[in-house]
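Take the sequence shown: its letters are residues 1 to 321, numbered as in the UniProt record's numbering.
One structure is given here, and the rest of the page talks about it.
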Amino acid sequence: MSEKILIVGAAGQIGSELTEKLRSIYGTYNVIASDINSNNESLVKSGPFQIIDAKNYDELKNCITGHNINTVYLMAAMLSASAEKNPMSAWELNMGSLFHVLNLAKDGFINKVFWPSSIAVFGPSTPKVNTPQQTIMEPTTVYGISKLTGERWCEYYYQKFGVDVRSLRYPGIISYKTLPGGGTTDYAIDIFHKAISEQKFECFLNAESTLPMMYMDDAIDATIKLMQTNKDAVSLRSSYNLAAISFNPEELANSIKKYIPEFEIQYKPDFRQDIANSWPNSIDDSFARNDWNWQYRYNLDSITKEMINGLKATFQNQQPL
Ligand code: SER
C-alpha cells in the first residue's frame, strides 16, 4: 500500500525538515503538512497544508479520513523550558494529541504512527554516562514526565491493540533552517546565530553542561529509517535511545572559534541549568544500532561547519568556509 502521510506540527523545527524529506521520498501530494496556524508561509506554499489543532480529535480525524491518510507523524509538542512555565497546557498538548492519534490508530483509521520522545525521560537518579535503554527513569521536568508517560501509553497501545507505533528519544537537535522554541538544548543553535552576527553569545547553561546532541540530517534519517523498518524488527514499542555526539557549551564555543576566532562566550545560567543537570551526558543506543542499523554521520566539527555555512548562506548571503 502506498504511503499517505499526515505531519502534525509540520511548522516546527523537526516537522519542517521532515516534511521536506518525506515529500522528496513519497511525493509532495502524498504528504499533508499541518500546524495550528498558517504563519509559516514557505511551508504553506510548498505543498498540501491544513490548519489542525493537535488537541482537536475531530480536526485530526476529518483530515485523516478526508485524505485517506495511513501514517501520522505527530511532531506537535511543548518543549522542556516552555513546559516548566505552562505545565497544564504542556500536559494537554503533549498527552492529548498523543491519545487522539493512538485512538485513531486503534480504531483503524491509520496504520502507523511516529511519535517523538526525548532524553528528557531520564532524571537525576539515572546513570548519566552511556545511559542504557532500560534504567532508572524519574524525570523531574513537566516535559520529561509527559514524554515518559507517553512512552508507556505507546507500548500499552501496541501490546493491547496492536497499534504500530514507533518512537525515538531524540537528543538535542541542531539545525539552521527553522528555529526551535522553548527547549533547553536550544542554546546550541542560538550560539551559531550570535556567532555569525555579533561574534559573542551569552549562554544560559554553564560551560560544563554536557548533553547528548545530534545534527538535524541525522535525526531525520533515523526517523525515516525506523519508520521504514520491517514491523517485526521493531523490538521496542516504548521509544528507542538514539545518540550521535555529546558536548558542552565550552567545547561547542571552541569548535566555533576555529572558524570565527573573535567569537566570545559568557555564561549566565538560568532555570534551564536545573533541567540540563537532570539529563544524561551520553546515551547508549545499541538497540537502535542492532534493530535497524542506526549510525550517525555528523560529528562536532562537521556540525559546526554545516551550521556556519547554512546560516551564512541563508541570512547573510556570505561565502561558505
Ligand atoms: N531538545 C529538547 C528540549 O530541550 C529535548 O527533547 O526541550
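Ideal Cβ positions, reconstructed from N, Cα and C, are used throughout, including at glycine.
This structure is a prediction, so every number in the text was calculated from the model and none was measured.
Considering only residues of the same chain and omitting the five flanking positions on each side of residue i, which have a CB-CB separation below 6 Å?
i      : result
Gln133 : Asn241 and Phe287
Gly12  : Met75
Asn290 : none
Thr210 : Ser246, Asn248 and Asn281
Met307 : Tyr176 and Phe192
Tyr298 : Tyr215 and Asp218
Thr229 : Trp292
Out of the options, which one is the CA nearest neighbour of residue i?
i           : options                           : result
Glu41       : Gly162, Thr178, Thr223 and Ile25  : Thr178
Ser97       : Arg169, Lys147 and Ile14          : Lys147
Asp217      : Ile52, Leu104, Asn56 and Tyr170   : Tyr170
Pro127      : Asn277, Ser167, Ala83 and Asn290  : Asn277
Gly64       : Leu311, Phe99, Ser24 and Ala105   : According to the sequence shown, residue 64 is Ile rather than Gly. Nearest of Leu311, Phe99, Ser24 and Ala105 to Ile64, Cα basis: Ala105.
Ser34       : Ile173, Ile7 and Asp285           : Ile7
Asn30       : Glu20, Glu3 and Ile36             : Glu3
Asn130      : Asp107, Val165 and Pro212         : Pro212
Gly27       : Ser46, Ser38 and Ile14            : Ser46
Leu168      : Thr223, Ile174 and Tyr215         : Thr223
Arg237      : Tyr157, Gly123 and Leu311         : Tyr157
Ser117      : Ile136, His100, Gly182 and Met95  : Met95
residue 336 : Thr141, Asp232, Asp221 and Asn56  : In the structure as shown, the chain begins at 1 and stops at 321. Residue 336 is therefore absent and cannot be evaluated.
Pro87       : Ile191, Pro180 and Ile145         : Ile145
His100      : Glu138, Ile69, Pro139 and Glu59   : Glu59
Glu198      : Ser38, Ile260, Cys154 and Thr140  : Ile260
Asn111      : Ile308, Lys268 and Asn70          : Asn70
Asp232      : Gly162, Ile308 and Lys257         : Gly162
Ala155      : Ile189, Met214, Val234 and Leu93  : Per the sequence presented here, residue 155 reads as Glu, with Ala not at that position. Among Ile189, Met214, Val234 and Leu93, the Cα nearest to that of Glu155 belongs to Val234.
Ala243      : Gly172, Val142 and Thr229         : Gly172
Ala188      : Thr140, Val142, Ile303 and Ser89  : Ile303
Ile174      : Ser125, Asp301, Asp164 and Ser38  : Asp301
Glu208      : Pro180, Glu251, Phe192 and Met214 : Glu251
Arg166      : Glu138, Gln159, Pro320 and Met227 : Met227
Ser255      : Asn62, Lys305, Gly108 and Leu102  : Lys305
residue 325 : Asp285, Tyr296 and Ile283         : Since the first and last residues shown for the chain are 1 and 321, residue 325 lies out of range.
Residue range of the beta strand (DSSP E) that residue i falls in?
i      : result
Thr185 : Counting along the chain, Thr185 falls outside any beta strand (DSSP E), and DSSP gives it neither H nor E.
Ala33  : Val31 to Asp35
Leu60  : Run containing Leu60: none in the beta strand (DSSP E); it sits in the alpha helix (DSSP H), Tyr57 to Gly66.
Thr71  : Thr71 to Leu74
Phe287 : Here Phe287 belongs to no beta strand (DSSP E); instead the alpha helix (DSSP H) covers Ser286 to Trp292.
Lys200 : Lys200 to Cys203
Leu6   : Ile5 to Val8
Gln295 : Element bounds for Gln295: n/a, residue is neither H nor E.
Gln50  : Phe49 to Ile51
Which same chain residues, not among the five before or five after residue i, have their C-beta less than 8 Å away from its C-beta?
i           : result
Ser16       : Ala10, Asn40, Leu43, Lys177 and Thr178
Asn293      : Lys225
residue 345 : The requested residue 345 does not occur in the structure, where the chain is confined to residues 1 to 321.
Lys200      : Lys194, Phe263, Glu264, Ile265 and Gln266
Asp53       : Ile36 and Glu59
Gln159      : Arg237
What is the residue span of the alpha helix (DSSP H) that residue i lies within?
i      : result
Ile14  : Gln13 to Tyr26
Gln228 : Met216 to Gln228
Lys305 : Leu300 to Leu311
Val113 : Val113 -> not in any alpha helix (DSSP H); beta strand (DSSP E) instead, spanning Lys112 to Phe114.
Lys45  : Glu41 to Lys45
Here's a check: name, in chain order, each residue in its chain whose Cβ is nearer than 7 Å to the Cβ of residue i, leaving out the five neighbours to either side.
i      : result
Arg23  : Val31 and Gly47
Trp279 : Ile119, Ala120, Phe122 and Leu211
Thr149 : Met95
**OP:** Only counting runs of 3 or more residues, tell me where the beta strand (DSSP E) segments fall wholly within the stretch 245-281, in order along the chain.
**Re:** 245-247 and 264-267
**OP:** With a floor of 4 residues, list each alpha helix (DSSP H) that falls wholly inside the stretch 77-103, ordered by position along the chain.
**Re:** 80-85
Subject >> alpha helix (DSSP H) runs wholly inside the stretch 116-183, at least 4 long, in chain order >> reply: 142-161
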